[in-house]
Amino acid sequence: MTQQHPTPSSLHGVAGEDRLDLSKDEQRYVRRRSWRLLGRLAKPVRKQLILTMVTVMASSAMRASFPLIVALGIDWALPLMVAGNNGPAFLAAGAYLLAGILAGVLTAWYTVLTAKLSQAMLLDLRLMVFRHTQRLSLEFHETYTSGRVISRQTSDLEALRELLDQGVAGLVAGFMTMAFTVASVFILDVPSGFVVLTAIVPIYFITRWYQHRSSIQYRSSRVTSARMIVHFVETMTGIRAVKAFRRQQANNVRYDELTNAYRKNNIAALMLNSIYQPTLLGIGNIMVAAVLLVSGLRVLDGNLELGVLIALAMATKRVFQPFEQLTQFYSAFQSATAALEKVSGLLEEAPSVTPPKDPQPLAAPAGAIDFTQASFGYGTGPEILPKFDLHIPAGQTVAIVGSTGAGKSTLVKLIARFYDLTSGSLTLDGVPINRLSDEDLRRAVVMVTQESFLFSGSIRDNIALGKPEASDEEIVLAARAVGAHEFICALPDGYDTDVNKRGGRLSAGQRQLVSFARAFLADPTVLILDEATSSMDLPSERLVQAALDQLLGNRTAVIIAHRLSTVANADRVLVVDAGRIVEDGSPAELIAAGGRFAQLYQAWEESQQQEN
Ligand SMILES: Nc1ncnc2c1ncn2[C@@H]1O[C@H](COP(=O)(O)OP(=O)(O)OP(=O)(O)O)[C@@H](O)[C@H]1O
């Protein structure tokens, strides 16, 4: 069966990233993208780049001049020395010494220059990748996984670093040495020069072969390396679930497979090298023999000086010496190209939710939310929320309930603009939320998620996330307001306790209180809350409830409610089922109506009574 290759546009961004065998068009497409990225990185450092090249060329020229000076010494200075004139011999020796010193100094200089250059380019790329991935929308991250992002940022950039650090200077130096030495062979003896040039033919064919094979191997190695990292990251981030479900053995087996696949890839790539490099050296040696044969015969005939023959032997050997360097460069280049293909793909991705170019100011936010003829589906997936209207007046507390997968989180995430509507409009105080600047939107709408994520740093830092410029008093005030102050004070270093250190580890309820304090400090107009489902013991449940009351205040609040007390205290309850709002009213109204909410409420009440 023949495999149909999609058009290059299907390789846009990270699409088709795991494919190995690309068609010619596709290869051209990804290669151009990689080169564009390289060009973009080189642009700010082009002056240093030129200076480095010039230094490398100069040092190579110095090195290539050695055989010429030797030839000059033997054929010109030596006979004069025999005749009693030592001057030219000293001159030749001095020139050799000077060329040697200059070559050394220039090599040292270009080594420093390349290090600076490659680090400058890598720094740029690292920042570019980090900023870009952070800018990409949730939709992207949900499918791309953090493991892949990590592998782009680590192992791919590492492949590029190897190339930039050692490869580029090696390439230029190698090529230059070859070019200058070939030129010196021509200067010494034109026919020998042509003999050397015939090497181009076999070199061309073996290089084409290597290029094709190694690009597949290195591309595959990027893919297997990413898979390995993804599995590693997933295991480590999900370590609790791994332990809880005794996944260790299964994970070990999988990791074994992945690391072995990676090992095999690398071996296969090195095997190609082990054919390519000796073949090139073999071609070089054959050429040396050919030149010696041709010029040796001419010396015997008396058509060539002995000094020239010695210099030719030196020079021809030198022509092919950089092969080792060049093949190393080429293998680093192939590996880096495969990495660049992936990184440039990631950078080609555009965020699906972008801040507006001409934002509309939100003068005095009150917190009225309006969905009009709105519908939503994730990406190109099925419609999750079919067309609906929803008006939430400023200051209302709305509890959303419904079975799992009904679309509750989806609805609230739209208000936080984690995603944009598929159709219809969503406004905050009359302003479409996609017309609000990021700053206005984040100030007006804060979402507290179930996970209550804490960043590394102190408790104080974590609360201050809600308002980075907040004073210590404000932070304590916020913590007090939500009832977190007491437990924070009981921690080893109080507000300065590091949340990642032993003793600073917080319970789920405590973490939720910290995130409440964070939201309280941020003081948004609209608060969105995905209540934790995990059942807490009664005192902390009460604590959280009291904190919640404080937090809600008079602001607009939309809560995905899992607690009876939250629902009972809400002004309004929305029951969502299969993406539709099927009941809408005050808790009392809905209980009286005897619908779904009434059933749910009754079940809750019964479970509460059993617990008490
Ligand atoms: N990022 C996503 N990409 C694609 N589909 C998604 C995504 N998130 C959720 N869905 C789908 O959307 C539907 C609604 O999910 P949602 O998370 O809104 O439900 P929910 O009511 O909040 O459920 P739960 O109470 O279990 O959290 C589900 O069918 C789910 O599979």
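For the record, in the sequence shown the residue sitting at position 423 is 423 according to the UniProt record's numbering, with numbers rising by one throughout. Glycine residues also receive a C-beta, built at the ideal position from the N, C-alpha and C atoms. Note that this is a predicted model, so its numbers are computed, not measured.
Exposed or buried, which one is H485 when buried takes at least 16 other CB atoms within 10 Å? buried
I'd like to confirm something about T449: is its beta-carbon nearer than 7 Å to some heavy atom of ligand 1, or not? no
Using a strict less-than 5 Å threshold between each residue's beta carbon and the heavy atoms of ligand 1, what residues do you get? E142, Y378, I384, T404, G405, A406, G407, K408, S409, T410
Would you mind giving the Cβ-Cβ distance between A481 and F418, rounded to the nearest angstrom? I have them listed as a contact below 8 Å. With 8 Å as the limit, A481 and F418 do not qualify as a contact, their Cβ atoms being about 27 Å apart.
Does the segment 405 to 419 come within contact of the segment 125 to 140, defined as at least 3 CB pairs closer than 8 Å? yes
Per DSSP, S141 is paired with what? Correcting the residue type first, residue 141 is His in the shown sequence and not Ser. None, per the DSSP bridge assignment.
Run the CB neighbour count on E469, radius 10 Å, all protein chains shown included, and call it buried at 16 or more, exposed below. exposed
Helix, strand or coil for L529 per DSSP? strand
Residues near Y96 by beta carbon distance below 8 Å, same chain, minus five either side: F66, I69, V70, G73
Coil, strand or helix - G100 by DSSP: helix
Between which two residues does the beta strand (DSSP E) harbouring V14 extend? No beta strand (DSSP E) holds V14; DSSP gives it neither H nor E.
Per-residue DSSP class, three states only, for residue 688: Past the edges of the chain, shown from 1 to 612, lies residue 688, and the structure says nothing about it.
Cβ neighbour criterion (16 or more within 10 Å) applied to F376: buried
Note down, one range per segment and in chain order, each beta strand (DSSP E) of at least 3 residues found wholly within the segment 430 to 466. 445 to 448
Extent of the continuous beta strand (DSSP E) run through P386: 383 to 392
Since T181 and V294 are thought to touch, with beta carbons under 8 Å apart, how far apart are those beta carbons, to the nearest angstrom? That belief does not hold up - the Cβ atoms of T181 and V294 are roughly 17 Å apart, past 8 Å.
Taking C-alpha atoms, which residue in V129, D440, V446, V172 lies nearest to Q325? V172
Kindly indicate which residue of T198, N569, R63, M176 has the alpha-carbon position closest to the one of G284. T198
Measure the C-alpha to C-alpha separation of E383 and Q166 and round it to an integer number of angstroms. 52 Å
Whole-angstrom C-beta distance between A313 and V288, which should lie under 8 Å: 7 Å
On the CB-based measure, 16 or more other CB atoms within 10 Å of its CB, does P365 come out buried or exposed? buried
Excluding the 5 residues flanking A578 on each side, which residues of the same chain have their C-beta closer than 8 Å to its C-beta? A406, G407
Sequence-distant residues of the same chain with beta carbon closer than 8 Å to K387, five excluded per side: Q373, A374, S375, S423, G424
Within the same chain, show all residues whose beta-carbon is closer than 8 Å to that of V291, passing over the 5 residues directly before and after it, in chain order. V185, S192, V195, V196, L312, A313, T316
What are the boundary residues of the alpha helix (DSSP H) that includes D472? 472 to 481
Which word fits S344, buried or exposed, when buried means at least 16 other C-beta atoms lie within 10 angstroms of its C-beta? buried
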